[in-house]
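This report refers to the structure that appears directly beneath it.
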Amino acid sequence: DLVIAISATGRTREVIEAVELAKHYRANAIGVTAPDTELARACDVRLTVAVPEYPDTLKPTASRFAFLAAIDL
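Counting in our numbering, the sequence shown runs from -13 upward without gaps.
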């Protein structure tokens, strides 16, 4: 079994808990997230994308498009 976890900040508690639960049941985890975060450390495979945080998370920015492009690959 495999879980794919996606979080721009790597700090979303619900996503981290979902990965930990999946790993408890021996699933592997791939994380698409920021480097050096709790989520990245919890995953077996990390696809890291550094997206600077911006106060308005709904505003399209070049860094957010880079994150979405990494997910599309």
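No residue lacks a Cβ here, since even glycine has one placed at the ideal position from N, Cα and C.
Start-to-end residues for the alpha helix (DSSP H) that takes in residue i
i         : result
residue 1 : -1 to 10
Per-residue burial, residue i [other beta carbons within 10 Å of its own, 16 or more giving buried]
i          : result
residue 36 : exposed
residue 5  : buried
residue 7  : exposed
residue 20 : buried
residue 52 : exposed
Chain C within 9 Å of residue i, Cβ atoms only
i          : result
residue -6 : In the structure shown, chain C does not exist; there is a single protein chain.
Contact test: residue i Cβ vs the ligand ATP heavy atom, cutoff 8 Å
i          : result
residue 16 : Among the ligands in the structure shown, none appear at all, so the ligand ATP cannot be discussed.
Cα-Cα separation, residue i to residue j
i          : j          : result
residue 22 : residue 42 : 23 Å
residue 46 : residue 9  : 33 Å
Where the beta strand (DSSP E) containing residue i begins and where it ends
i           : result
residue -12 : -12 to -7
residue 44  : No beta strand (DSSP E) contains residue 44, which DSSP labels as neither H nor E.
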